[in-house]
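Chemist:
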Amino acid sequence: MVSRRKFIAAGTAALAGLAVEGSAEARVTDQPASTNGEYTPVIVPNGATLPFKRAAGVKIFHLIAEPVQHEMSPGLNLECWGYNGRTPGPVIEVVEGDRVRIYVTNKLPEPTTVHWHGVLLPNGMDGVSGLTQPPIQVGETFRYEFTFKHPGTFMYHPHFDEMTQMGLGMMGMIVVHPKRRIGPKVDRDFSLMLSEWFVEPGARRPNPSVMNEFNLLTFNSRAFPGTEPLVVRTGERVRIRFGNLGAMDHHPIHLHGFTFRVTGTDGGPVPLSAQKPETAVLVPVGTTRDIELVADVPGDWPMHCHMTHHIMNQMGHDLPNLIGADLSKLDAAMKPIFPDYTSMGAEGMGGHAEHMEHLRVPKNSIPMRGMRGPFGYIDMGGMFTILKVRNELSSRADPGWYEHPKGEVASVATAEELERDGIDSGEKKETPDPHRHHKHHAPTRKT
Ligand SMILES: [Cu+2]
Numbered sequence: 002m003v004s005r006r007k008f009i010a011a012g013t014a015a016l017a018g019l020a021v022e023g024s025a026e027a028r029v030t031d032q033p034a035s036t037n038g039e040y041t042p043v044i045v046p047n048g049a050t051l052p053f054k055r056a057a058g059v060k061i062f063h064l065i066a067e068p069v070q071h072e073m074s075p076g077l078n079l080e081c082w083g084y085n086g087r088t089p090g091p092v093i094e095v096v097e098g099d100r101v102r103i104y105v106t107n108k109l110p111e112p113t114t115v116h117w118h119g120v121l122l123p124n125g126m127d128g129v130s131g132l133t134q135p136p137i138q139v140g141e142t143f144r145y146e147f148t149f150k151h152p153g154t155f156m157y158h159p160h161f162d163e164m165t166q167m168g169l170g171m172m173g174m175i176v177v178h179p180k181r182r183i184g185p186k187v188d189r190d191f192s193l194m195l196s197e198w199f200v201e202p203g204a205r206r207p208n209p210s211v212m213n214e215f216n217l218l219t220f221n222s223r224a225f226p227g228t229e230p231l232v233v234r235t236g237e238r239v240r241i242r243f244g245n246l247g248a249m250d251h252h253p254i255h256l257h258g259f260t261f262r263v264t265g266t267d268g269g270p271v272p273l274s275a276q277k278p279e280t281a282v283l284v285p286v287g288t289t290r291d292i293e294l295v296a297d298v299p300g301d302w303p304m305h306c307h308m309t310h311h312i313m314n315q316m317g318h319d320l321p322n323l324i325g326a327d328l329s330k331l332d333a334a335m336k337p338i339f340p341d342y343t344s345m346g347a348e349g350m351g352g353h354a355e356h357m358e359h360l361r362v363p364k365n366s367i368p369m370r371g372m373r374g375p376f377g378y379i380d381m382g383g384m385f386t387i388l389k390v391r392n393e394l395s396s397r398a399d400p401g402w403y404e405h406p407k408g409e410v411a412s413v414a415t416a417e418e419l420e421r422d423g424i425d426s427g428e429k430k431e432t433p434d435p436h437r438h439h440k441h442h443a444p445t446r447k448t
């Protein structure tokens, strides 16, 4: 029996008292990640970069490890752990050769450390509790200081109680721009952290102890429909940086509409001779991958993990296989007991995501939730977002749904077309209704 239940189965501390050494020109200023034309600043959908101050040839950052309130998608608010009020933590963005001093304050209920994944640095700055440093006790602030020697996409995360701290959201990306540009200039440079979570429907805290049953898969700790689209102008060169600090799963990230090349990993830039065209990139746990493409075709192009269980929201997996079963007797028997009972699965799962919007589900849960699109319901969630490519853009805000040129949308074939091309559809000949759809997919826009 498939029941509904089965499915449901900023930092606060200022940089006070920083000693500024050196000459009179050494001054501390609040500084956004301003580029002076050095590089294209990174864009963090649903996220932020970490502000820094400059002092005597050093960039000074302050990370605060702390519990955070986090909306994973509309309707799902969680108590996570992160940095500076968010998960993932803000992106640390620097330039090759930068010397940094990174203060880490621990406001968690237990010790922590920060490891700088992929960064080449002195051993004592590596952030491994017990091995290269003592843990940062509750309330303490540690200082890390090193020079970013090579460009690339790296990550930071705790190396203390990793399962709990990372399972609750403690991770972040590091972007090191090359001192001298490698390859063509990119117009848009995006950063996405891939993570996986288990949140019991209705619960407010992710459970970090599960090993396989992850039911929320996220880009920058947001599950579709909570993911902000990537908005670009037609013809722009786009870089997308992926990092994976999930516990167990590697993610083949697939982009529709384009081929791209993998131009970098957490080892650094990939030489041109080793770049090959791809449409999906596997991002294994504990690695980063940079891809680059020219967005030369306008439209709404999905970008998602190709593991189908990773584009669902809070889907239970201990379900019997009911494909093809006759459930009418079961439905009739259940109605007097549970008036809103609906068995599912005999004709596949399509449409049930939309149905879930109307069912009573536990508060603070998004079982199988998707989103209403221009042609009906998009019954996907999780690790799914949209690359929106437009000829005209007045701003970089979400431009809404793509307006397709006339005649460029797949639609029901007419009787004349079938006849013309000798296609026997097996259907009785009748005038087709161009707006006929599956019962759950009433179109909201005329095609
Ligand atoms: Cu995946």
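Numbered continuously in our numbering, the sequence shown closes out at residue 448.
From the three backbone atoms N, C-alpha and C, an ideal C-beta is built for every residue, glycine too.
1) Could you check the C-alpha separation between residue 82 and residue 68 for me, to the nearest Å?
2) In this structure, does DSSP put residue 366 in helix, strand or coil?
3) Between the Cα of residue 362 and those of 121, 88, 135 and 202, spot the shortest distance and give me the residue it belongs to.
4) Going by alpha carbons, who is nearest to residue 349 out of 88, 258, 45 and 380?
5) Do you know offhand how far residue 405's Cα is from residue 384's?
6) Tell me which same chain residues have a C-beta within less than 6 Å of the C-beta of residue 206, skipping the five on either side of it?
7) Measure the C-alpha to C-alpha separation of residue 243 and residue 414 and round it to an integer number of angstroms.
8) Taking the alpha carbon of residue 43 as the reference point, which residue from 88, 158 and 187 has its own alpha carbon closest?
9) Taking Cβ to Cβ, would you say residue 158 is nearer than 8 Å to residue 246?
10) Sorted by chain position, which residues of the same chain lie with C-beta nearer than 7 Å to residue 307's C-beta, five sequence neighbours on each side aside?
11) Alpha carbon to alpha carbon, how far is residue 55 from residue 91?
12) Alpha carbons only, please: which of 185, 173, 181 and 183 is nearest the one belonging to residue 196?
13) Can you tell me which residues form a DSSP beta bridge with residue 324?
14) In the DSSP assignment, the beta strand (DSSP E) including residue 420 goes from what residue to what residue?
15) Going by CA-CA distance only, name the one from 63, 41 and 40 that's closest to residue 51.
16) Report the residue ranges of all alpha helix (DSSP H) runs contained in full by the segment 125-174; include only those spanning at least 4 residues, in chain order.
17) Please return the same chain residues whose Cβ sits closer than 7 Å to the Cβ of residue 33, not counting the five positions on each side in sequence.
18) Grouping DSSP H, G and I as helix and E and B as strand, with all else coil, what is residue 331?
19) Per DSSP, residue 61 is paired with what?
20) Between residue 222 and residue 193, what straight-line distance do the alpha-carbon atoms span, to the nearest angstrom?
21) Thinking C-beta only, is residue 336 closer than 8 Å to residue 232?
22) Any idea if residue 428 is buried or exposed, counting beta-carbon neighbours within 10 angstroms, 16 or more meaning buried?
23) Can you check DSSP and say which residues form a bridge with residue 241?
24) From the DSSP output, which residues share a beta bridge with residue 281?
25) Report yes if the C-beta distance between residue 190 and residue 234 is below 8 Å; otherwise report no.
26) Within 10 angstroms of its Cβ, does residue 418 collect 16 or more other Cβ (buried), or is it exposed?
27) Under 6 Å Cβ to Cβ from residue 295, same chain only, skipping five residues before and after it: list those, please.
28) Measure the beta-carbon distance from residue 311 to residue 218 and round it to whole angstroms, keeping in mind my assumption that it falls under 8 Å.
29) Could you tell me whether the segment 96-116 touches the segment 133-152, using the rule of 3 or more Cβ pairs below 8 Å?
30) Classify residue 395 as buried or exposed, calling it buried when 16 or more other Cβ atoms lie within 10 Å of its own Cβ.
31) With 16 other CB atoms within 10 Å as the buried threshold, where does residue 9 fall?
32) Is it buried or exposed, residue 284, if we count other Cβ atoms within 10 angstroms and call 16 or more buried?
33) Is any heavy atom of ligand 1 found at a distance shorter than 7 Å from the C-beta of residue 218?
34) With a CB to CB cut of under 6 Å and the five nearest residues on each side skipped, what residues in its chain are close to residue 120?
35) Answer with buried or exposed for residue 367, where buried requires no fewer than 16 other C-beta atoms within 10 angstroms of its C-beta.
36) For residue 258, which residues in the same chain have their Cβ closer than 7 Å to its Cβ, ignoring the five residues on either side in sequence?
Modeler: Straight from the coordinates:
1) Start at 1 with the first residue of the sequence shown, and residue 82 comes out as number 81. Start at 1 with the first residue of the sequence shown, and residue 68 comes out as number 67. About 4 Å.
2) Here residue 366 is taken as the residue at index 365 of the sequence shown, counted from 1. In the structure shown, residue 366 sits in coil (DSSP, three-state: anything other than H, G, I, E or B).
3) Within the sequence shown, numbered from 1, the residue matching residue 362 stands at position 361. Comparing Cα-Cα distances from residue 362 to each of 121, 88, 135 and 202, the minimum goes to 202.
4) Within the sequence shown, residue 349 is the residue found at index 348, counting from 1. Minimum Cα distance to residue 349 is reached at 380.
5) To locate residue 405, count along the sequence shown from 1; it is residue 404. To locate residue 384, count along the sequence shown from 1; it is residue 383. Near 25 Å, if we compare the C-alpha coordinates of residue 384 and residue 405.
6) Taking the first residue of the sequence shown as 1, we reach residue 206 at position 205. Taken in chain order, the residues that qualify are 80.
7) What you label residue 243 is simply residue 242 of the sequence shown in a count that begins at 1. What you label residue 414 is simply residue 413 of the sequence shown in a count that begins at 1. The straight-line gap from Cα to Cα measures roughly 40 Å.
8) As a position in the sequence shown, residue 43 is number 42, starting the count at 1. Nearest of 88, 158 and 187 to residue 43, Cα basis: 187.
9) In the sequence shown, residue 158 corresponds to position 157, counting from 1. In the sequence shown, residue 246 corresponds to position 245, counting from 1. Yes, the pair counts as a contact, with Cβ atoms nearer than the cut-off.
10) Taking the sequence shown and counting its residues from 1, one reaches residue 307 at position 306. Here the set comprises 253, 255 and 281.
11) The residue you call residue 55 lines up with position 54 of the sequence shown. The residue you call residue 91 lines up with position 90 of the sequence shown. Answer to the nearest angstrom: the Cα atoms are 18 Å apart.
12) Within the sequence shown, numbered from 1, the residue matching residue 196 stands at position 195. If we check each option's Cα against that of residue 196, 173 comes out closest.
13) As a first step, residue 324 must be located in the sequence shown, where it is residue number 323. In DSSP, residue 324 forms no bridge with anything.
14) Taking the first residue of the sequence shown as 1, we reach residue 420 at position 419. Taken as a continuous stretch (DSSP letters only), residue 420 belongs to no beta strand (DSSP E), being part of the alpha helix (DSSP H) at 416-421.
15) Sequence index remark: in the sequence shown, residue 51 carries index 50 (1-based). Checking every option, the nearest Cα to that of residue 51 belongs to 63.
16) 163-168
17) Within the sequence shown, residue 33 is the residue found at index 32, counting from 1. For residue 33, the predicted structure reports a pLDDT of 40, less than 50, and the residue's modelled location is therefore unreliable. A value from the coordinates is still provided. These residues qualify, in order along the chain: 52.
18) On the sequence shown, residue 331 is found 330 positions in, with the first residue counted as 1. Correct three-state label for residue 331: helix.
19) For the purposes of this step, residue 61 is taken as residue 60 along the sequence shown, with counting starting at 1. In the DSSP output, where bridge partners are listed per residue, residue 61 has 54 and 102.
20) Counting from 1 along the sequence shown, the entry for residue 222 is found at position 221. Counting from 1 along the sequence shown, the entry for residue 193 is found at position 192. Roughly 9 Å between the two C-alpha positions.
21) For the purposes of this step, residue 232 is identified with residue 231 of the sequence shown, where counting begins at 1. For the purposes of this step, residue 336 is identified with residue 335 of the sequence shown, where counting begins at 1. Not in contact: residue 232 and residue 336 (Cβ atoms no closer than 8 Å).
22) Against the sequence shown, residue 428 aligns to sequence position 427. Answer is exposed; the Cβ neighbour count stays below 16.
23) Within the sequence shown, residue 241 is the residue found at index 240, counting from 1. In the DSSP output, where bridge partners are listed per residue, residue 241 has 191 and 292.
24) Taking the sequence shown and counting its residues from 1, one reaches residue 281 at position 280. Answer is 255.
25) The residue you call residue 190 lines up with position 189 of the sequence shown. The residue you call residue 234 lines up with position 233 of the sequence shown. Taking 8 Å as the Cβ cut-off, residue 190 and residue 234 do not qualify as a contacting pair.
26) One-based indexing of the sequence shown puts residue 418 at position 417. Exposed, since its Cβ has fewer than 16 Cβ neighbours within 10 Å.
27) Here the question's residue 295 lines up with position 294 in the sequence shown. If we look at residue 295 and ignore the five residues flanking it on each side, its Cβ neighbours are 238.
28) Here residue 311 is taken as the residue at index 310 of the sequence shown, counted from 1. Here residue 218 is taken as the residue at index 217 of the sequence shown, counted from 1. Their Cβ separation, rounded to whole angstroms, is 4 Å, which keeps residue 311 and residue 218 in contact under 8 Å.
29) yes
30) The count along the sequence shown starts at 1 and reaches residue 395 at position 394. Label assigned to residue 395: exposed.
31) One-based indexing of the sequence shown puts residue 9 at position 8. Per-residue confidence for residue 9 stands at a pLDDT of 35, beneath the threshold of 50, marking its modelled position as unreliable; the derived number appears in the next sentence. Its Cβ being crowded by 16 or more others within 10 Å, residue 9 is buried.
32) One-based indexing of the sequence shown puts residue 284 at position 283. Looking at its Cβ environment, which holds 16 or more other Cβ atoms inside 10 Å, residue 284 is buried.
33) The residue given as residue 218 occupies position 217 in the sequence shown. Under cutoff, so the answer is yes.
34) Locating residue 120 in the sequence shown gives position 119, where the first residue counts as 1. So the list reads 155, once near-sequence residues are dropped.
35) Translated into positions along the sequence shown, residue 367 becomes position 366. Buried is the call here.
36) Indexing the sequence shown from 1 puts residue 258 at position 257. Here the set comprises 298, 300 and 302.
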